[in-house]
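Remarks on the structure that follows.
Number of protein chains: 2
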Amino acid sequence: MSPSGALAYLDRHRARFLDELKEFVRFPTVSAQPRHGADLQRCASWLAAHLRGIGLHHVRVVNTKGHPLVYAESRPEPGKQTVLIYGHYDVQPPDPLHEWRSPPFEPVVSSGNLYGRGACDDKGQMFAHVKAIEAHLSEQRTLPVNVKCLFEGEEEIGSPNLAPFLRENRHALKAAVAVMSDMPMLGPGRPAITYSMRGGLSLELNVTGPDRDLHSGIFGGAVHNPLQALCEMIAKLHGPDGRVAIPGFYDRVRSWAPDERRYMAQTGPGDEKILKDAGAIRGWGESQYSLYERTTVRPALTVNGITGGYQGPGGKGVIPARAVAKLSVRLAPDQDPHEIERLFRLYVDRITPPAVRCKVRAAQAAKPALVSRQLPALRAAALAYQKGFGVPPVFLRSGGTIPVVNTFQELLGIPTVLMGFALPDDRMHAPNEKFHLSNFYNGIATSIWFLTATGTGPMPARGETEAQTVECQECSA
Amino acid sequence: MSPSGALAYLDRHRARFLDELKEFVRFPTVSAQPRHGADLQRCASWLAAHLRGIGLHHVRVVNTKGHPLVYAESRPEPGKQTVLIYGHYDVQPPDPLHEWRSPPFEPVVSSGNLYGRGACDDKGQMFAHVKAIEAHLSEQRTLPVNVKCLFEGEEEIGSPNLAPFLRENRHALKAAVAVMSDMPMLGPGRPAITYSMRGGLSLELNVTGPDRDLHSGIFGGAVHNPLQALCEMIAKLHGPDGRVAIPGFYDRVRSWAPDERRYMAQTGPGDEKILKDAGAIRGWGESQYSLYERTTVRPALTVNGITGGYQGPGGKGVIPARAVAKLSVRLAPDQDPHEIERLFRLYVDRITPPAVRCKVRAAQAAKPALVSRQLPALRAAALAYQKGFGVPPVFLRSGGTIPVVNTFQELLGIPTVLMGFALPDDRMHAPNEKFHLSNFYNGIATSIWFLTATGTGPMPARGETEAQTVECQECSA
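Residue numbers (the working numbering), protein chains in the order written: chain A, 5 to 481; chain B, 5 to 481.
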């Protein structure tokens, strides 16, 4: 059954859909920055009103200890599959602000792209599903499947209040499968379904030395400098071969059979493509793996930021009293974030120079996630892409972390279909983030088809799903 | 001849002198920060008016390419020695602001100290000489010596416009000796005359990698991180023994005869004292030298600040496109800043990881300075301290850098008497800078005595001075 009515509706309403997305992007919903709390609240109310407006039911802004969730569902129809549509309306901090060519929260269209923080990650991608629901409902007053929409405001800070909500509402949230769009395709016109994500672990190193900032003339040479000590410690986190030097770090990293590596080499981006997307001259890291492998099936430890000493114009002759580094680890299957945190702490204790003290703080732990490429819902997604973009998708691994995929599996027992509509150069998390508008419209069409195909195709039973999502059948263990 | 009238005048006017110093400190004269340009201009005008008010002549605000100089002199009297009094009215940036217990430019008195940025470095110390001149002039309408006052507004940024001014005005600035107060004593009630300063060289490392900030999930593990690369480079600037690892760095560092090291051990602060002043648990650096030696006759390389990546609250999964470190080198005799810059650049080229680029910027170069302890003006200073503080001073080396000492020697051919009135814990360059008020008043008395003793005692001939200041007679070469 072709959803021709819904697709025609999409074609007639493109301009309005774009205007609405711009309205959505204008909310500065930076979840990491407490001063934006009210903006998240306002955005959640706007989104709830919007979902009510397109005909969804039981729309609620769910307050949490942090930023609110927005929930909505279609009027339940017996005998139809239920799809949980997940997205997030919070965004990354726009820093560094001066590198934006237009203000991050004043979306502008240029050369077929919508520029703005969140245009792509994740407001634009989640909005594609919202508009697909609208298109179905407006044309037929019904949907091919039952949908439950769950949009959170804390994804960029590790979803601290999502799991408690899922735990309390696991029966109300019962569904056969979850779907979300928060990741890149392989390139323009090259759709991809993500079947593997890395886990994540955020860490902070806080190094202190003398009890106040010191004059570097008067004390330089006699007192260890916490900022220098921090650099020495960070330098010891990797070996000269680019491997993480923490003992035991790779112990649980799964090695993959030649078949799977061959599949990855055939379907994934090549080294040149990744370097071009990164704007980098050359690769770095574990030389025995392709860059695609290094960013997906191999773990990575990244220094995300350092704060220490004088950062203003000119110079300042100071030995700073403290220095802080923000780090993140991307975990490959089967690393466990809590074990890695333990190994990290042990190693940091060992490499902390005796003249300074170092405190480690950990946050945002998420296990890696894998979905079987044989899952029927993934086949429905492949068909939808074929219809929405005109080409069949490839199956991709992503190096990013979407903790909810793991959370859905553990708390709701369902797999998640990861249908990315972003492009690799959309600058998610960076200045001048953008969303390619033809991907927005094709994404809506793809979601329209996905709901249709899921409503007609065979869906797995619950037990079957669970088994399939914890094992990747192509993979050696 | 005792300056009893001037000393009595000081006693009667203490409260007013303090009020005037607070007025002086209120100007936020941060020379490193362009937005404070007008504040420096206003402060210079205030200072000029003040110098006119106490009876000095030829008072001028001298505009430069940067912040203005303030010049004034006494009516020249034939047959009297001429003393050049130098100081600076600019201050260090007050960062980090949140660590101040009271606002840096709203001076407050607490427990016998004046708190505020510049209270000690150098407004309070230079103002002691201004008030000494006032005391002499008010009581006797004349001074024991001719004075020329030169107060600059760019000391904290390396005095870029002082040398051109000195060169153009070397005849007008003719003097037998210069005096300045911008350094610590050994402790409360323990005055010191500084006869040795380290040189200085400011450096900046600017590391760049990918052409924009990258998502650390999508690219982490495949692209070198400029912030990590910067840490790796900084870690290589020192060996595990705390010595600077730049080849050739120590080649010109003078070694000192056992006599001089014994003199330093007898007169200088012990390790415990230095650690207490620093608020540090233990020492660090070249273990074969005392901490006093490490901070004075040995060079030091300090990381003053690092900027890179995300520094806001929470986390941000980013590989930053660039990272910057501000460094400073304190040079020991006979290191040359330009040679050290050259060696630094060579070494940085060698240790820059291949996947990133690094640019070095250098600024603020100053040679180390030495004054003979036998110089008659130093003996006059010793007498003045004995009278002003009631105890004889010790002769100290300082680890700090006062480039003008070297500049005065090279351009005017005169030595500089370094009479510190600060305390080691006055937090020069750090939050909560303070000036001990009894040091302010004793400093004024000491300056009154210094002018008197210099006016009556024997002064060296010009040629003799020059020879004495370039050789330290107790030292092996």
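All C-beta atoms, glycine included, are put in the ideal place defined by N, C-alpha and C. Every value quoted in this text rests on a predicted model; they were computed, and no experiment measured them.
For the region 214-225 of chain A, the beta-carbon criterion of a distance under 7 angstroms to any beta-carbon of chain B is satisfied by 214, 215, 216, 217, 218, 219, 220, 221, 222, 223, 224, 225. Burial state of residue 458 of chain A is buried, judged by a 10 Å Cβ sphere holding 16 or more other Cβ atoms.
Residue 70 of chain A sits buried, since 16 or more C-beta atoms from the chains shown fall within 10 Å of its C-beta. For residue 228 of chain A, the C-beta contacts it makes with chain B under 7 angstroms involve 288, in order along the chain. By the neighbour-count criterion, in which a residue is buried when 16 or more other Cβ atoms sit within 10 angstroms of its Cβ, residue 163 of chain A is buried.
Under DSSP, residue 363 of chain A forms a beta bridge with A/210. Collapsing the DSSP output to three states places residue 233 of chain A in a helix. Interface with chain B (8 angstroms Cβ-Cβ cutoff): residue 210 of chain A is excluded. According to the DSSP assignment, residue 344 of chain B belongs to the alpha helix (DSSP H) that extends over 341-355.
With respect to the 8 angstroms criterion, residue 313 of chain A and residue 324 of chain A are classified as neighbours on the basis of their beta carbons.
Using a CB distance below 8 angstroms, the part of the region 306-324 of chain A facing chain B consists of 306, 307, 308, 309, 310, 311, 312, 313, 314, 315, 316, 317, 318, 319, 320, 321, 322, 323, 324, ordered along the chain. Around the beta carbon of residue 80 of chain A, a 10 Å sphere encloses fewer than 16 other beta carbons of the protein chains shown; the residue is thus reported as exposed.
As for any beta strand (DSSP E) of minimum length 3 sitting wholly inside the region 97-164 of chain A, the runs are 112-114, 117-119, 150-156, ordered along the chain.
When secondary structure is reduced to three states using DSSP, residue 279 of chain A falls in the helix class. Contacts with chain A at 8 angstroms (Cβ-Cβ) do not include residue 396 of chain B.
In the structure shown, residue 198 of chain A adopts extended strand secondary structure according to DSSP, grouped into three states.
If you look at residue 271 of chain A, you'll find it isn't in any beta strand (DSSP E); it sits in the alpha helix (DSSP H) that goes 262-271. Short of 7 angstroms from the beta carbon of residue 123 of chain B, and not among the five residues preceding or following it, lie these beta carbons of its own chain, in chain order: 29, 111, 437, 438, 439. Neighbourhood of residue 334 of chain A in chain B, by CB distance below 8 angstroms: 220, 221, 224, 225, in chain order. DSSP, reduced to helix, strand and coil, places residue 444 of chain B within a helical segment of the structure shown. At a cut-off of 8 angstroms between beta carbons, residue 62 of chain A makes no contact with chain B. With fewer than 16 other Cβ atoms inside 10 Å of its own Cβ, residue 460 of chain A counts as exposed. The continuous alpha helix (DSSP H) containing residue 11 of chain B extends over residues 8-16. Residue 222 of chain A carries a helical assignment under DSSP once its states are collapsed to helix, strand and coil. What residue 291 of chain B touches in chain A, judged by beta-carbon distance under 7 angstroms, is nothing: the nearest beta carbon there is about 11 angstroms away. C-alpha of residue 158 of chain A to C-alpha of residue 35 of chain A: approximately 6 angstroms in a straight line. In this chain, the alpha helix (DSSP H) harbouring residue 393 of chain A covers 380-393. Using a Cβ distance threshold of 8 angstroms, residue 321 of chain B and residue 220 of chain B count as a contacting pair.
The Cβ neighbour count for residue 243 of chain A, taken over all protein chains shown within 10 Å, is under 16; the residue is labelled exposed. For residue 169 of chain A, the enclosing alpha helix (DSSP H) has its first and last residue at 166-172.
With 16 or more other CB atoms across the displayed protein chains lying within 10 angstroms of its CB, residue 359 of chain A is buried.
Counting along the chain, residue 42 of chain B sits inside the alpha helix (DSSP H) bounded by residues 41-57.
At a Cβ-Cβ threshold of 8 angstroms, residue 319 of chain A and residue 299 of chain B do not count as neighbours.
About 6 angstroms separates the beta carbons of residue 121 of chain B and residue 109 of chain B, which is inside the 8 angstroms limit, making them a contact pair. Nearest CB-CB separation between residue 99 of chain A and chain B: below the 8 angstroms threshold.
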